[in-house]
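Notes for the one structure printed next.
Numbering (my numbering), first residue to last: 363 to 583.
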């Protein structure tokens, strides 16, 4: 576990040195979600109806922006090869990098979402449901995205290919994450949506680091 936390700390320190790259995803999230109320107009009923989908799609795309940086820099300077050869389990080191990606690209979106949800006329309860759904969903996006980033590592035009691989896998998280907020607004039970999100997250936590590690070993050969 020390290796995991050391890798996470290292990636967080590197992210602090490249603040512009981190802020790009946050500004993208803020701008995209803010443009819809301006374009659609002050229609509270319509804004409340489309809010869950817009906020989740914007969070999904903002997370996608940070995926190419997850392994690319370490691959170029040889750090990734040293990690693979180190005595620490490579899977734990990869898990640390995924955790760092979520802390940099996912957690800020979770914290910003309630503030941005106000402009869609969401009430306090809906904002809490949105926050909890993103808290379960954004780690899932990072875990799935890590597999795509590893599979396309070193490939020419890898960013486009990664998007084509990852976006279809993001659809279930999008459906149940946005669906939880929509169900709350409609007065329906939201337990099923959260249960499915939690189940998908549990499966991803178990399988995604293993699949990412295998893909990285193939890319390093």
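Every residue, glycine too, gets a C-beta built ideally from N, C-alpha and C.
None of the values given here were measured: they were computed from a predicted structure.
- The alpha-carbon of residue 521 is positioned some 15 Å away from that of residue 581.
- Contact check for residue 558 against residue 530 fails: the beta carbons are separated by 9 Å or more.
- Secondary structure at residue 375: helix, using DSSP grouped into helix, strand and coil.
- Going by DSSP, residue 389 is part of the alpha helix (DSSP H) stretching over 381-402.
- Taking every protein chain shown into account, the CB of residue 433 has 16 or more other CB atoms within 10 angstroms, so this residue is buried.
- Per DSSP, residue 499 is one residue of the alpha helix (DSSP H) stretching across 486-513.
- Residue 552 sits in coil when the DSSP states are folded into three classes, being neither helix nor strand.
- The beta carbon of residue 430 lies closer than 8 Å to those of 511, 520, 521, 524 in the same chain, with the five residues before and after it left out.
- Under the Cβ criterion (8 Å, minimum of three pairs), the stretch 461-477 counts as touching the stretch 378-392.
- Take the alpha-carbon of residue 489 and the one of residue 483: they are about 10 Å apart.
- Pairwise C-beta distances place the stretch 501-510 in contact with the stretch 567-575, as three or more of them are shorter than 8 Å.
- Less than 9 Å separates the beta-carbon of residue 575 from that of residue 452.
- For residue 481, there is no enclosing alpha helix (DSSP H), as DSSP marks it with neither H nor E.
- Annotation: the continuous alpha helix (DSSP H) that includes residue 454 extends over 452-463.
- Residues of the same chain with a CB within less than 6 Å of the CB of residue 462, apart from the 5 flanking positions on each side, are 370, 373, 374 in chain order.
- According to the DSSP assignment, residue 415 belongs to the alpha helix (DSSP H) that extends over 406-428.
- Residue state for residue 440 is assigned as coil, using DSSP reduced to three classes.
- Take the alpha-carbon of residue 425 and the one of residue 407: they are about 28 Å apart.
- Around the CB of residue 441, fewer than 16 other CB atoms lie within 10 Å, so the residue is classed as exposed.
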